[in-house]
Each structure stands twice: as C-alpha cells, then as structure tokens.
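With the first letter of the first sequence counted as 1, position 482 gets the number 1727 in the working numbering; the numbers rise by one all the way through. Every residue, glycine too, gets a C-beta built ideally from N, C-alpha and C. Data block below; observations after.
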Amino acid sequence: MDKGEISQVLGEIATLLELKGENPFKIRAYQSGQRALDLLEEDLGTLIETERLGSIKGFGKALTEKVTALYRDEPLPFYDNLKASVGPGLVEMLEIPGLGAKKIKKLHRELGVDSIEDLTRVCQSGEAAQLPGFGPKSVGRILSGIRNREAYSKRHLWWAAKEASRPIVEGLRALPEVDRGKVAGSLRRLVETVGDLDFLAASDRPGPVMDWFVSQSGVKEVTARGGSKSSVRFEDGMQADLRVVPPDQFIFALHHFTGSKDHNVAMRGRALSLGYSLSEWGLRRDDRKSMSVAPVQDESDLFSLLGLPCIPPELREGRGELEAAESGQLPHLVQREDLRGAFHNHTHASDGAHSLEDMVRAAQDLGWEYLGIADHSKASFQANGLNEARVQKQIEQIRRLNASGMFSCHVFAGIECDILRDGSLDLEDATLQMLDYVVVSVHSSFTLSEEEMTRRIIRAVEHPCTTMLGHLTGRLLLRREPYAVNVEKVIDAAVANHVIIEINSHPQRLDMDWRHWRKAAAKGLLTSVNPDAHSVSGLAYVAAGINACRKGWLTPESVFNTWPLPRVREYLEG
DNA sequence: GCCGTTTTCGGCCCGACTGTTTTCAGTCG
1246 MDKGEISQVL GEIATLLELK GENPFKIRAY QSGQRALDLL EEDLGTLIET
1296 ERLGSIKGFG KALTEKVTAL YRDEPLPFYD NLKASVGPGL VEMLEIPGLG
1346 AKKIKKLHRE LGVDSIEDLT RVCQSGEAAQ LPGFGPKSVG RILSGIRNRE
1396 AYSKRHLWWA AKEASRPIVE GLRALPEVDR GKVAGSLRRL VETVGDLDFL
1446 AASDRPGPVM DWFVSQSGVK EVTARGGSKS SVRFEDGMQA DLRVVPPDQF
1496 IFALHHFTGS KDHNVAMRGR ALSLGYSLSE WGLRRDDRKS MSVAPVQDES
1546 DLFSLLGLPC IPPELREGRG ELEAAESGQL PHLVQREDLR GAFHNHTHAS
1596 DGAHSLEDMV RAAQDLGWEY LGIADHSKAS FQANGLNEAR VQKQIEQIRR
1646 LNASGMFSCH VFAGIECDIL RDGSLDLEDA TLQMLDYVVV SVHSSFTLSE
1696 EEMTRRIIRA VEHPCTTMLG HLTGRLLLRR EPYAVNVEKV IDAAVANHVI
1746 IEINSHPQRL DMDWRHWRKA AAKGLLTSVN PDAHSVSGLA YVAAGINACR
1796 KGWLTPESVF NTWPLPRVRE YLEG
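So this is what it looks like as structure tokens:
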C-alpha cells in the first residue's frame, strides 16, 4: 500500500473504533497518526527500512507495526476483524448531521438498526423517539439529514469531478481513432457541483472508443453500451457518459451537451429568428435541405454564424449572456494568472499544517507578490485560535520576516476573527488595530433566526477594523446547508462600509455564491479570492475560487487580490 | 494508543449549543 492508502486506513480505523465506543484517546491517536503520515516529509519506505518511523511524533509501537505491515502488504488481522465487527451501514450513518457514534451505537443496540433504511423506518414508526436521549426534534433532524444525503449523493464537488475526468480525457485524446475529446456538461461550465461526467469524442470509428471507455479501471458497472453512447458507474459512485460523434458534428454536439438547458433554449431561439435551426447535429437552413451552413472548427465559429462573439462555457447559464454578447457587454473575465496573492491562510500557529515560512515560500513559488496570514482567533478553541498576546507575537514574527528580505513575497499580518453570537468581535480593538487587515467569520451559533444572523453579521461588517467578511453563509457543499442570512442586506452593508466579501475558494465552500456576484459587483462590492489554505497545497484552491468569479461575471478590477502590491497596501492603510 | 517523565502511569483540547432532561449527554467546531 502507498502512503495515501495507509493514511485512509488509519482514518477508517479511528472511525470504526469510535463506533465501537473505544477510548476516545485511542481514537485520537489513530487520527493524529494519520495526520502525521500525511505531513511526512521523508519517504515512508526509507523511514521503514531504516527503522526510524517510530521516532516520529505520533508513531508509537503499535502504529509503527501496523503502518509497516500495511506498507509491506502483510495481513493486518486487527483491521480486518474491526471491519467485520462493525457493519458498513453504521459507518454511513455518521454522515448524517446530528448523529454521532454514541447515538448510532444506541440505535444499533436497542433497535437493531444496521442501515440507513432501518434508520428511516424506526424514525418514521416512532420507535426511535422512544429511546432515551431521542425526542421529536432529533428524529426530525435525522430524517431531514437522510433526505439531504440522498439528494447530495447524486452529485460531486467540481474539484473531485475534475480530478476524476482528467485521465479519461487524456486517454480519449491519446486513442488513434479519436480526433478530438472534451468534457462537456456542468463540469465544463465550472459549476460548483456536478452530477454525471459528460465526455464527448470526435471519431469515425466509435466501436473501439466505446470498448476503451467501458474497460477503464475503476468501472464497476456498465449501464449502457451503444453505438454512439455509453454510460458507466465507477466504484466511488460517480457516473460518466461518453458520446462519440462524427468529426463534422463535434462542435455542435459539444455546444449542445455543455448546456445549460436555458442557454441552449436561448441559442435555438436566436437561430430560429435568423432563419436557422440549431441542434446537437448541426446548424441548418429552415428549408431542411442543407445540414451545416458552413464548416465550423470551434465554438467561436458557431457563435459567429449567429452573429455573436464566443460566450465562454462558464457564462452559459441563461442569465442574460446572449443579450450581453449581442451588445458587446460580455465581461473580460478574471483569470487564474491575474492573481498576485491571497488572504485568509492559516499556519500551524492555529490549525494549519505548515509554518509561516513554508506558506510564504509556497506563495512565492506561485509567483505571488504578497500573502496574507489570517489564523483563527481565540474563540475557535478547537482550532487553537490565537489570543491577543499570541496575535501580537505573530505580528512581530511577520514584521521580522518582511524586514529580513528572505522572501520577495510580502507578508500581510491578518486574523480570521470570530464573529461572536451578538455580532461583536473576538479580539480587543487595540489588537485588531495593530493588524494589516481583519477577516471576520462566523464559526458558531449557526441556528440563529435569519433576522438575528443578519443583524449579527452586519454588526461585524460595521466594525471599523473589519476588512473582509469570510465564508458568508457557512455552507459546506453536499454536506451542510447555509445558515439563514439575508444575503442582499449583508451585501448592501458591505458596500456601505467598504468591506470586501471573500469568495472562500475551498472546493466545498465557494461562498459567497457566484449567483450573487454580478449584481453585487455592479453595486461596487469587491471580492478577494481566498483559498482558506490550511497547508501549502491548499493555496491551489484559488483555482476553484476563480471559477466562481468567472461564473459571477467578475473582472480583475473587482477582485482585490489581482491588484498590485502598492495598490493593495494603499487600500489596507487607507 | 501516544507521550513524557520530578520515568512506566496519568493525562491527553475545551466550550457552546441543542435537545433532552430536571442536571446532563451528545455533537460540533
């Protein structure tokens, strides 16, 4: 097994022990072993060969033996027995918000619940509500958790879908029978979550292409295998379709299967008004005699036949993009290369994995001019948040680093300050004033009413030290719904107080949602594409944030961290 | 299960919130 697989096994062991009601500290030992393994700088194989794994913090006798056995693919009865003694249904139930190991254990012991189906049944029959510790509210919460889970399980994060699609696209393009290969659908439109993966290939010989597709590694089931379309389901539950079309139809099919539906409706309407008929097969005159009016090489040819400039896939949502294209008002969308830095990044001072220097080096390697450090504040105790004294120490450390000239990348000293329940901030004003900038975020009391939550956040936005608002709605895509908050009112308050609203670029957040940005930017609202990086690799999440910007029609001018250093400095000092 | 030691056991990250209770257990961050 490689390091990544072993890390997963350690995490799985921790979960299984939890469900067995084991000593919580033993569980934590496996979790910290997993973390230590992930952060290992030296090669795992070398450490095992030279018998030095046990000297690394987090690996005692037991974990060293188990990791070694896994690495050498030797049997590990402890793990096998553990898996056998806890049903997979119980592990699944942990995904339901409000259900932890203890409640699951109780349901299993008292009512024999072994699966989500059982759970639904005992919740609906009223049996669950009879158990001590369970009442009507918790049962209602469990049932709504199950419903969400069903809806969620059909979709995947864009980030994961992109990773899964890459080898398939590359493989398709490498086939001798294939002229062109591309992803289509919501993945191509850069939507934050994706249902099925849609692939499209141009070829005159679809047979071998289909054969190759359905025999991909990881394919669990072939749900369709036809002459022009095949569908498969992968082991992880992701579904993928491949369509193979003749080369001269490729662009029309690509446009059609990229969608969205609303965009396609608008495009077909426009074609009709110009005397054409547009479909996935081609563009033809209304007299139905000629198929393609002109050969098209790429999508811009297609748009140009309809008298339009090329509309990028991410704007094709039927939200006024045709009108904008027609009047020459398509935005000059911000790109990944426009970024010159990022704010809202964590170090190991709070719950990040890497040191200040590591983070700055990584930012510099990305070619960035500046990096903002915003560790948690003290109310986020579980994240080892900083109190006033530790903030001051970190500011001094950052000032020294800047003065040392060790890096060309400038470091801004910031904080991710908790917004307390009443909307006040978690640190003394005197401390906040010493910082270069302040990100304010909600990390607690998610269940306030919309009115209270809106008032709370607006109070924080109005604080004179606030520079940016972090993850506005607290949503975790496919996992947790946003908390109730009036987004319009917060946007207006942010504009009035010259506060930036971040696009938290963690692939599971992408918050504030892109659907609000076009209007918000028109009101003068600025954003910052913030990776919320908890390690050096987390800086890469800005790519997902840029997707959200582009879907929100944003130009570089509206994105604070595309600004050059002197201008950023001036803004933060002003 | 790990760690550290005033060295082989005792402590390990804690507090808020919720829903269930009637003084607290479980979950979450």
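* To do: Using the Cα positions of valine 1656 and asparagine 1590, report the straight-line distance between them to the nearest angstrom.
  => 11 Å
* Go ahead and pull the three-state DSSP assignment for aspartate 1610. => helix
* Asked: Going along the chain, which unbroken runs of the alpha helix (DSSP H) with 4 or more residues stay wholly within the region 1631-1703?
  -> 1633-1649, 1674-1679
* **C-beta atoms of serine 1625 and aspartate 1667 nearer than 9 Å** => no
* **Simplified DSSP assignment, three categories, for phenylalanine 1444** => strand
* aspartate 1449 beta carbon less than 9 Å from that of proline 1492 -> yes
* Expected contact under 8 Å - CB spacing of histidine 1779 and alanine 1511 to nearest Å -> Actually they are not in contact, since the Cβ atoms of histidine 1779 and alanine 1511 sit about 41 Å apart, beyond 8 Å.
* Asked: asparagine 1775: buried (16+ other C-beta within 10 angstroms of its C-beta) or exposed?
  -> buried
* Indicate the three-state DSSP secondary structure (helix, strand or coil) for alanine 1594 in the structure shown. => coil
* **alpha helix (DSSP H) segment containing aspartate 1250, residue limits** => Per the sequence presented here, residue 1250 reads as glutamate, with aspartate not at that position. That run of the alpha helix (DSSP H) goes 1248-1264.
* Asked: Thinking C-alpha only, which one of Trp1762, Asp1756, Ser1750, Ser1398 is nearest aspartate 1737?
  -> Trp1762
* Asked: Does the distance from the C-beta atom of glutamine 1461 to that of valine 1439 stay below 9 Å?
  -> no
* **arginine 1814 versus threonine 1313 - alpha carbon distance** => 51 Å
* Asked: Does the Cβ-Cβ distance between leucine 1364 and alanine 1373 come in under 9 Å?
  -> yes
* Alpha-carbon to alpha-carbon, glutamate 1602 and serine 1782 -> 14 Å
* Could you check how far apart the C-beta atoms of isoleucine 1643 and isoleucine 1660 are, in whole angstroms? I think they sit under 8 Å. => With a Cβ gap of about 11 Å, isoleucine 1643 and isoleucine 1660 do not count as contacting.
* Asked: Ends of the alpha helix (DSSP H) at arginine 1515?
  -> 1506-1518
* Would you identify the three-state DSSP class for glutamate 1544, choosing helix, strand or coil? => helix
* **Collapsed DSSP secondary structure at asparagine 1775 in the structure displayed** => strand
* **Cβ pair aspartate 1596, alanine 1628 closer than 9 Å** => yes
* Asked: Using DSSP with H/G/I as helix, E/B as strand and the rest coil, what is tyrosine 1728?
  -> coil
* When DSSP builds the beta bridges, which residues end up paired with valine 1477? -> Val1467, Ala1485
* Could you tell me the distance, in whole angstroms, from the CA atom of leucine 1315 to the CA atom of proline 1322? => 11 Å
* Asked: Within this structure, are the beta carbons of aspartate 1424 and aspartate 1486 separated by less than 9 Å?
  -> no
* Among Ile1293, Arg1394, Asp1288, the one whose alpha carbon lies nearest that of glutamate 1340 -> Arg1394
* **Of the residues Arg1273, Arg1392, Glu1286, the one placed nearest arginine 1725, counting alpha carbons only** => Arg1392
* To do: Pick out whichever of Glu1310, His1501, Met1455 has its Cα sitting closest to the Cα of glycine 1471.
  => Met1455
* glutamate 1286, buried or exposed, once every other Cβ within 10 Å from all chains shown has been counted against 16 -> exposed
* Asked: Going by the CB atoms, is the gap between lysine 1271 and leucine 1262 shorter than 9 Å?
  -> yes
* Asked: So leucine 1594 and glutamine 1637 are in contact, right, with Cβ under 8 Å, and what is the actual spacing, rounded?
  -> The identity of residue 1594 in the sequence shown is alanine, whereas the question assumes leucine. About 12 Å separates the two Cβ atoms, so there is no contact after all.
* **CA nearest to the CA of alanine 1274, picked from Asp1288, Lys1311, Leu1284, Ala1259** => Ala1259
* **For glycine 1719 and tyrosine 1728, the rounded distance between their alpha carbons** => 6 Å
* Where the alpha helix (DSSP H) containing glutamate 1415 begins and where it ends -> 1403-1419
* Reduced DSSP secondary structure (H/G/I, E/B, other) of glutamate 1319 -> coil
* Collapsed DSSP secondary structure at glutamate 1395 in the structure displayed -> helix
* Asked: Do the region 1698-1718 and the region 1750-1768 touch if we need at least three Cβ pairs shorter than 8 Å?
  -> yes
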